[in-house]
Amino acid sequence: MEIISEWGSVFLILAIVFGLYMTWGIGANDVANAMGTSVGSGAITVKQAIVIAAIFEFAGAFIAGGNVTSTIRSGIIDAGAVANQPELLVFGMLAALLAAAIWLMIASTRGWPVSTTHSIVGAIVGFAVAGIGIHAVHWDKIGQIVASWVISPVLGGAVALLLMLSIRTLILNTEDPFRQAKRWGPVYVFLVGWIVSLVTLFKGLKHLDFHLSLPATLLTATLIGLATAAVGKLLIDRVEVDPNADRSFHFASVERVFTPMMLFTACAMAFAHGSNDVANGIGPLAAIVAIINSGGEVMAKAPLPLWVLALGGVGIVVGLATMGYRVMQTIGTKITELTPTRGFSATLAAASVVVLASKTGLPVSTTHIAVGAVMGVGLSRGIAALDLRVIGNIVLSWIITLPAGAILAAIFFYVLAGIFG
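Just so we're on the same page, our numbering is the position in the sequence shown counted from 1, plus 14.
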């Protein structure tokens, strides 16, 4: 308790700096993965991706980021194990933020699309085992999170494959694909607005004390979906057939219909990513703030200050703008060839799975889901459409991430404990 009262302001400054560093890394690596499908399919430019992410990543973090934050903050380790030594939790969360941030910076400079969720969960487990003891870790919760890492790419791939097959059946394999694309396009755009708003309204707004009944939630989500579809229809109606392009590629005009639709999935993916992955950066920061504000009391649950969510949103946007281009290419261009129809399917599938995960409070890896979704649309054309060497390298980088975060966090924990302990 004395250490907290003596060094509280120093810990708070370090937490803000490390939290910003961590969320910068999330922007540089994970957000680049999230926006990669939209950029890789040619639907939006890198500059447009940064603008979309700036608005919707921040909105997702601020509006719907509170639920996963509680899992990262208090669900992974037993708060009771450090009730009499709150400084251990402060050292540990600072160490976890710094360890994960450094690893993300290393990965981003090399263009590796690693999982920020792996990084921070591994780091928290690493400091807990090293500084408190193996008993302090909620291993059942870790088991759920690990299971989600396996399930999430499979879910992302399955949903993307189904969406791609539906586009093929309803649009591409018909007598007049362009007409069918203009007919069904607003329906797909409706799905984007409906799914994201429905899940956000269900559980994402608890920390803002905003509650709706089930009928009101369904009605609101449907109205948002219809409004989104109406805007989509206006954009789709402006697309004209290009006979010259159709001669060289039969579906060129159809792909042009899906290009404006990709704007909606890009916004949805950015919002979904902000709602889920901001927790990786601000969960430990929120835990430190709660301990300092309470004078050293370790609480399993504590209020999440909105300025902490805002800080996370700012860090993510700066990270994408400064270094996101290095990683964006990998998912967008190297796993499989993406067109607007394939990119739309992959991004809508990934956004849907991410927001559903946010609803359940599981900090799944957006990277895993996005890679799974891109593989799913690639599989719709057969296994030969995938670059298995690139996929192998991505999986290898995922395996390295967990122990790297844990080892770095254990080292930084001992350093901080030595300085302040």
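For glycine and all other residues, C-beta sits at the position ideal for the given N, C-alpha and C.
query                                                                                                                                                                    : result
Please give the ranges of any alpha helix (DSSP H) in the stretch 210 to 290, keeping only runs that are unbroken, at least 4 residues long and fully inside the region. : 228 to 251, 257 to 262
Starting from the Cα of residue 283, find the closest Cα among 22, 351, 233, 370 and give me that residue.                                                               : 370
Quick one: is residue 92 near chain D, going by C-beta distance under 7 angstroms?                                                                                       : Checking the listed chains, one finds no chain D in this structure; it contains a single protein chain.
Where does the unbroken alpha helix (DSSP H) through residue 11 begin, and where does it stop?                                                                           : No answer is possible for residue 11: the residues shown for the chain start at 15 and end at 435.
Helix, strand or coil: how does DSSP classify residue 378 here?                                                                                                          : coil
Hey, could you find the ends of the alpha helix (DSSP H) residue 89 is sitting in?                                                                                       : Where residue 89 is concerned, there is no enclosing alpha helix (DSSP H), given that its DSSP letter is neither H nor E.
Flag this pair as touching only if the stretch 22 to 34 and the stretch 110 to 125 have three or more C-beta atom pairs under 8 angstroms; answer yes or no.             : yes
According to the neighbour-count rule (16 or more other Cβ atoms, all chains shown, within 10 Å of its Cβ), is residue 43 buried or exposed?                             : buried
Tell me, please, whether the stretch 245 to 255 touches the stretch 272 to 282 by the rule of three or more beta-carbon pairs shorter than 8 angstroms.                  : yes
Does the beta-carbon distance from residue 103 to residue 306 come in below 7 angstroms?                                                                                 : no
Could you give the residue range of the alpha helix (DSSP H) that holds residue 138?                                                                                     : 130 to 145
Would you mind sorting residue 183 into buried or exposed? The rule is 16 or more other CB atoms within 10 Å of its CB.                                                  : exposed
Which same chain residues, not among the five before or five after residue 14, have their C-beta less than 8 angstroms away from its C-beta?                             : Missing from the structure shown is residue 14; the chain here goes from 15 to 435 and no further.
What's the C-alpha gap between residue 339 and residue 45?                                                                                                               : 10 angstroms
Should residue 270 be labelled buried (16 or more other beta-carbon atoms within 10 Å of its own) or exposed?                                                            : buried
Output the distance between the C-alpha atoms of residue 427 and residue 132, rounded to the nearest integer angstrom.                                                   : 18 angstroms
On the CB-based measure, 16 or more other CB atoms within 10 Å of its CB, does residue 227 come out buried or exposed?                                                   : exposed
How about residue 432 and residue 76: are their beta carbons less than 7 angstroms apart?                                                                                : no
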